[in-house]
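Asks: Quick one: structure below, then a few questions.
Residue numbers (our numbering): 9 to 72.
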């Protein structure tokens with residue numbers, strides 16, 4: 009069974025099409041990080057007993 013009611017297929021297809029057609033995908037790496045990081049940082053916070061953790065902003069270059 010596919011996660012997210014099968015929507016993962018469309019995201020993967022968009023990325024593959026972008027590579028094949030040498031174009032930008034609809035969801036760029038920064039948007040993907042916007043979607044993913046809050047959940048990862050939440051898990052880190054839980055592991056630290058609920059301590060606040062900073063969500064990095066990859067657009068600003070803070071991670072370098």
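Positions of the beta carbon are idealized from the N, C-alpha and C atoms, including for glycine. Everything numeric in this text was worked out from a predicted model, so none of it was measured.
Could you have a look at residue 46 and say whether DSSP puts it in helix, strand or coil?
Replies: helix
Asks: In whole angstroms, what is the alpha-carbon distance linking residue 23 and residue 42?
Replies: Looking at the backbone, the Cα of residue 23 and that of residue 42 are separated by about 17 Å.
Asks: For the ligand GDP, I want to know if residue 56 counts as a neighbour, meaning its beta carbon is within less than 7 Å of at least one of the ligand's heavy atoms.
Replies: The ligand GDP is absent from the structure shown, which contains no ligand whatsoever.
Asks: Are the CB atoms of residue 46 and residue 61 within a distance shorter than 8 Å?
Replies: No. Outside cutoff.
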